[in-house]
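So the structure is just underneath, and the comments pick up after that.
There are 2 protein chains.
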Amino acid sequence: MRDVAVIGIGLTKFGELWDKSFRQLITEAGSKAILDSGIEGKNIDAMYIGSMSSGRFIGQEHVGALVADASGFSHRHIPSTRVEGACASGSLAVREGFLSIASGMNDVVVVGGIEKMNDVAGATATETLAMAADQEWEAFFGATFPGLYAMIAMRHMYEHGTTKKQLAQVAVKNHKNGSLNPYAQYRQEITVEHVMNASPVAYPLGLFDCSPVTDGAASIVLCAADKAKKYTDKPVKIIGSGQASDTLALHARRDICTLDSTVYAAKMAYKKANITPKQIDVAEVHDCFTIAEICAIEDLGFVKKGEGGKAIENKITTLDGSLPVNTSGGLKSKGHPVGATGVAQIVEITKQLRGEADKRQVKNARIGLAHNVGGSGATCVVHILEAV
Amino acid sequence: MRDVAVIGIGLTKFGELWDKSFRQLITEAGSKAILDSGIEGKNIDAMYIGSMSSGRFIGQEHVGALVADASGFSHRHIPSTRVEGACASGSLAVREGFLSIASGMNDVVVVGGIEKMNDVAGATATETLAMAADQEWEAFFGATFPGLYAMIAMRHMYEHGTTKKQLAQVAVKNHKNGSLNPYAQYRQEITVEHVMNASPVAYPLGLFDCSPVTDGAASIVLCAADKAKKYTDKPVKIIGSGQASDTLALHARRDICTLDSTVYAAKMAYKKANITPKQIDVAEVHDCFTIAEICAIEDLGFVKKGEGGKAIENKITTLDGSLPVNTSGGLKSKGHPVGATGVAQIVEITKQLRGEADKRQVKNARIGLAHNVGGSGATCVVHILEAV
Chain A
18 MRDVAVIGIG LTKFGELWDK SFRQLITEAG SKAILDSGIE GKNIDAMYIG
68 SMSSGRFIGQ EHVGALVADA SGFSHRHIPS TRVEGACASG SLAVREGFLS
118 IASGMNDVVV VGGIEKMNDV AGATATETLA MAADQEWEAF FGATFPGLYA
168 MIAMRHMYEH GTTKKQLAQV AVKNHKNGSL NPYAQYRQEI TVEHVMNASP
218 VAYPLGLFDC SPVTDGAASI VLCAADKAKK YTDKPVKIIG SGQASDTLAL
268 HARRDICTLD STVYAAKMAY KKANITPKQI DVAEVHDCFT IAEICAIEDL
318 GFVKKGEGGK AIENKITTLD GSLPVNTSGG LKSKGHPVGA TGVAQIVEIT
368 KQLRGEADKR QVKNARIGLA HNVGGSGATC VVHILEAV
Chain P
18 MRDVAVIGIG LTKFGELWDK SFRQLITEAG SKAILDSGIE GKNIDAMYIG
68 SMSSGRFIGQ EHVGALVADA SGFSHRHIPS TRVEGACASG SLAVREGFLS
118 IASGMNDVVV VGGIEKMNDV AGATATETLA MAADQEWEAF FGATFPGLYA
168 MIAMRHMYEH GTTKKQLAQV AVKNHKNGSL NPYAQYRQEI TVEHVMNASP
218 VAYPLGLFDC SPVTDGAASI VLCAADKAKK YTDKPVKIIG SGQASDTLAL
268 HARRDICTLD STVYAAKMAY KKANITPKQI DVAEVHDCFT IAEICAIEDL
318 GFVKKGEGGK AIENKITTLD GSLPVNTSGG LKSKGHPVGA TGVAQIVEIT
368 KQLRGEADKR QVKNARIGLA HNVGGSGATC VVHILEAV
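If you read the sequences in order, they're chains A and P. So the first sequence is numbered by this note's numbering: it starts at 18 and just counts up by one. So the second sequence is numbered by this note's numbering: it starts at 18 and just counts up by one.
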């Protein structure tokens, strides 16, 4: 397999972007990534687009071709493929782009992730998101993701003594990081009291335990590592990529407090990168709900199972802790345009490894990890990146 | 790039399958392909699923993970990824599976394609299919695919003298082939008079010029070519794979009678296979409407631009012609469950190259081609296969 590097990154502002269309968002992110990479349009061999439910959200399928067209590349007829795996759609697009270069088919690939969730045709965003759950076992009976993650949280509290206050501390940390990120949807800091006293959504999760409904797009340019220096003097290598699946329905898991898809995807990525979790300097993890970040840092091997709550309490994962997590603000504060999230995580890790993360820069960050989950954990993708 | 072979194939019956669910269809096709291949579940490294609009058709996204789960593979946590490119979703899944093996990441990959179109939640099938067209330039103004392809047909008649009778002859040929295919939706033969006198849909296209709304699934097992003999004594090698894009909206093309995405995808596939169109012994092409088959045989280089109608009239593409096209019955008679179509084409070509096509067997077929189109041609994928 050929080595692959990230050579360009681009993001739109995340938020309720009522005045920007799907086409505007993805071309804004893509053109920023292309400009940042040093490539020209003629260098692009292929495109991959992650989007969870463009069909339901905006009434448009076939968005791979749409994005190539809207970007002005239709006259070059380059292949453009949409990939979907619920909220992990973005990182699946990254992985397919990575594989297409590793195979030798392509040298330069532009990857995009996008979701336009606020201006919704037909259903509410929560109804559409519930289509990432198991229809026959969950969605038909009214289950939505806040409810499913609330069950995980309740069990985690029962099994491991995790507290509502520890959940709140995840949100407080991520809002603090998000306050330093000009692209984040929510830039205000919040307190533990704000989170604890917020309107309940699905006990024990309140409003501030949940990631928001977000419009936004992210893009990266991938390049065969041996050709990256032609375009940029700051390539970041993808040294590990792992993907794993699990049951679509939560109830069928052996332990609902563990996302086995994370465990397996991480194992695959660590093995390929030939590193241990201890060597990670900075991580973006999938905090769609506060409990999800606690499970993630356990399942990724950063702390032992059951000790995630304590780790948050002990500030291990804050910006100046021993392993900063979600320096971008995470899904919680930066926002969660589902198809864009996995690509946006790679954008943040690349910024950190290039030393371009400004006020949220982690000192001496050399190896970073991105962790993206679909649904309640039926899909997980983990990428490990290293500055070269 | 490592060589890749098809080592197993499986199909469900195509048709209005009101009594079979999405899960039943895809697992039926998948288990047939796995049984046919000689592999066991433990050999599978990854899965790719092509589906155009599971979100709109059945209210379920995240169908990559769903299929892995429904197939009983969730405990093995193998990666499973959904790919979408409108009616080319199936062949995009084939291509991503192919690339993941070519890269060295996987040795054995199961590819599935599926659409459940009759039992539709919310919209009609035609409305959902129109989401493969350009929403802002076409769908919002009421354009649906019969209308778009009717415009192509009108122009083709004007530019090249193609006749309504020649269009009809495509349908007659494909129904004849379909009558020999036990998996086809429509097994009755029809006459030119049937087609010419059928209810108009969008002039010049009548009811029998259009492919039907179909439920169905198809599956293939791909394997690194150097390991294929471990499992089967009849591997079929993928010697070429090409993919190309074009404008999403029809009006923006340089010539609506030519699908440039086909021209470019075919060029890429022929080059990789190191062959010319003359060397193709059998082809499955994307005849969503009769005019589409005429364009396809021109754009693939089988005949010159404008001579497709004459080629049909001269019976070049019949079962005993010099280049049999759509021996399976094509989308027209076999049926067109959109996400399954691209995979089902590979199933038919593999049958032909193995000599297992029974009454529709093409004599001495050694090299076959599959051509799958998304929308009115914004996406095209071409694969070339060879018996080894």
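Every residue gets a Cβ at the ideal spot worked out from N, C-alpha and C, and that includes glycine.
Does the distance from the CB of Ala-282(A) to the CB of Val-379(A) come in under 8 Å? No. Outside cutoff.
Using 7 Å as the cut-off, classify the Cβ of Pro-341(P) as near or not near the heavy atoms of the ligand MN, replying yes or no. This structure lacks the ligand MN; in fact it carries no ligand of any kind.
Which stretch, first to last residue, makes up the alpha helix (DSSP H) that contains His-92(A)? Annotation: His-92(A) is outside any alpha helix (DSSP H) and is labelled neither H nor E by DSSP.
Less than 8 Å between the CB atoms is what I'm expecting for Asp-298(A) and Asn-381(A), so what's the real figure, rounded? The C-beta separation of Asp-298(A) from Asn-381(A) comes to about 7 Å, placing the pair in contact by the 8 Å criterion.
Excluding the 5 residues flanking Val-128(P) on each side, which residues of the same chain have their C-beta closer than 7 Å to its C-beta? Excluding positions up to five away in sequence, the list reads Tyr-65, Ala-110, Val-111, Gly-114, Ser-236, Ile-237, Leu-239, Val-360.
Just by C-beta distance, which residues in the region 264-293 of chain P are closer than 7 Å to chain A? Of all residues in the region 264-293 of chain P, those with a C-beta nearer than 7 Å to a C-beta of chain A are Thr-264, Leu-265, Asp-277, Ser-278, Tyr-281, reading in chain order.
Show which residues of chain P have a CB atom less than 8 Å away from the CB atom of Ile-95(A). Close to Ile-95(A), with beta-carbon spacing below 8 Å, are these residues of chain P in chain order: Ala-261, Ser-262.
Report the residue ranges of all beta strand (DSSP E) runs contained in full by the region 18-50 of chain A; include only those spanning at least 3 residues, in chain order. Those beta strand (DSSP E) runs which fall completely within the region 18-50 of chain A and span 3+ residues are 21-28.
Extent of the continuous alpha helix (DSSP H) to which Gln-369(P) belongs: Per DSSP, Gln-369(P) belongs to the alpha helix (DSSP H) from 355-371.
Delimiting residues of the beta strand (DSSP E) encompassing Leu-386(P): Where Leu-386(P) is concerned, the enclosing beta strand (DSSP E) starts and stops at 384-391.
Just verifying my parser: in three-state terms, what is the DSSP assignment at Tyr-203(A)? In the three-state reduction of the DSSP assignment, Tyr-203(A) falls in the coil class, being assigned neither a helical nor a strand state.
Close Cβ partners of Phe-39(P) (< 6 Å) along its chain, the five nearest in sequence each way excluded: So the list reads Ile-75, Lys-133, once near-sequence residues are dropped.
Report yes or no: do three or more beta-carbon pairs, one from the region 71-86 of chain A and one from the region 79-98 of chain P, lie closer than 8 Å? Because the criterion of three Cβ pairs below 8 Å is not met, the region 71-86 of chain A and the region 79-98 of chain P do not touch.
Just the C-alpha distance for Ile-26(A) and Arg-172(P), rounded to the nearest angstrom, thanks. Cα to Cα, Ile-26(A) sits roughly 43 Å from Arg-172(P).
Would you say Val-360(A) lies against chain P (beta-carbon separation less than 8 Å)? Chain P, which has no Cβ nearer than 8 Å to the Cβ of Val-360(A), makes this no.
If contact is defined by three or more beta carbon pairs under 8 Å, each pair taking one atom from either stretch, is the region 269-278 of chain A in contact with the region 348-363 of chain A? Touching, no, given that fewer than three Cβ pairs across the two stretches are closer than 8 Å.
Residue from Met-69(P), Glu-324(P), Ala-269(P) whose Cα sits closest to the Cα of Thr-98(A): Nearest C-alpha to Thr-98(A): Met-69(P).
Can you tell which of Gly-55(A), Arg-204(A), Val-405(A) has its C-alpha closest to the C-alpha of Ala-242(A)? That would be Val-405(A), whose Cα lies nearest to the Cα of Ala-242(A).
Beta-carbon neighbours of Met-18(A), restricted to chain P and to distances below 8 Å: Chain P residues near Met-18(A): Ser-120, Gly-121, Met-122.
When burial is assigned at 16 or more other CB atoms within 10 Å of the CB, is Tyr-203(A) buried or exposed? A residue is called buried when at least 16 other Cβ atoms come within 10 angstroms of its Cβ; Tyr-203(A) meets this threshold and is buried.
Starting from Ser-143(A) and walking both ways along the alpha helix (DSSP H), at which residues does that stretch end? The sequence shown places Thr at residue 143(A), rather than the Ser named in the question. Here the alpha helix (DSSP H) through Thr-143(A) covers 142-146.
Could you name the residues of the region 187-208 of chain A whose beta carbon sits closer than 8 Å to any beta carbon of chain P, in the order they occur along the chain? Result list empty, no residue passes.
Any C-beta of chain A sitting closer than 8 Å to the C-beta of Ser-216(P)? Not an interface residue.
At least one CB of chain A closer than 8 Å to the CB of Thr-334(P): is that the case? So no, Thr-334(P) is outside the interface.
Whole-number beta carbon distance between Lys-349(A) and Ala-188(A), since they are thought to touch under 8 Å: 6 Å between Cβ atoms; contact.
Do Lys-289(A) and Ser-262(A) count as a contact pair if the criterion is CB distance below 8 Å? No, they are not a contact pair.
Classify Gln-77(P) as helix, strand or coil using the three-state DSSP reduction. Judged by DSSP in its simplified three-state form, Gln-77(P) adopts coil rather than helix or strand.
Given this structure, state the Cα-to-Cα distance separating His-211(A) from Gly-394(P), to the nearest angstrom. Answer to the nearest angstrom: the Cα atoms are 53 Å apart.
Between Val-100(A) and chain P, is there a C-beta pair that is closer than 8 Å? The beta carbon of Val-100(A) sits closer than 8 Å to some beta carbon of chain P.
For Glu-176(P), count the other beta carbons within 10 Å of its own beta carbon; 16 or more makes it buried, fewer makes it exposed. Which is it? That one is exposed.
To the nearest angstrom, how far is it from the Cα of Asn-331(A) to the Cα of Ala-22(A)? Straight through space, the alpha carbons of Ala-22(A) and Asn-331(A) are spaced by roughly 35 Å.
Note down, in chain order, every chain A residue with its Cβ under 8 Å from the Cβ of Ala-82(P). The contact set of Ala-82(P) on chain A, defined by CB atoms closer than 8 Å, consists of Gly-102, Ala-103, Ser-262, Asp-263, Leu-265, Gly-391, Gly-392, Ala-395, Thr-396 in chain order.
Sequence-distant residues of the same chain with beta carbon closer than 6 Å to Pro-407(A), five excluded per side: With chain A represented from 18 up to 405, any question about residue 407(A) goes unanswered, as that position is not in the structure.
In terms of alpha-carbon separation, which member of Ala-328(P), Arg-19(P), Val-137(P) lies closest to Met-122(P)? The shortest C-alpha separation from Met-122(P) is found at Arg-19(P).
Beta carbon of Gly-392(A), beta carbon of Ala-103(A): below 8 Å? Yes, the Cβ-Cβ distance between Gly-392(A) and Ala-103(A) is below 8 Å.
Below 8 Å on the Cβ atoms is my guess for Cys-305(P) versus Gly-325(P); work out the distance and round it to an integer in Å. Actually they are not in contact, since the Cβ atoms of Cys-305(P) and Gly-325(P) sit about 15 Å apart, beyond 8 Å.
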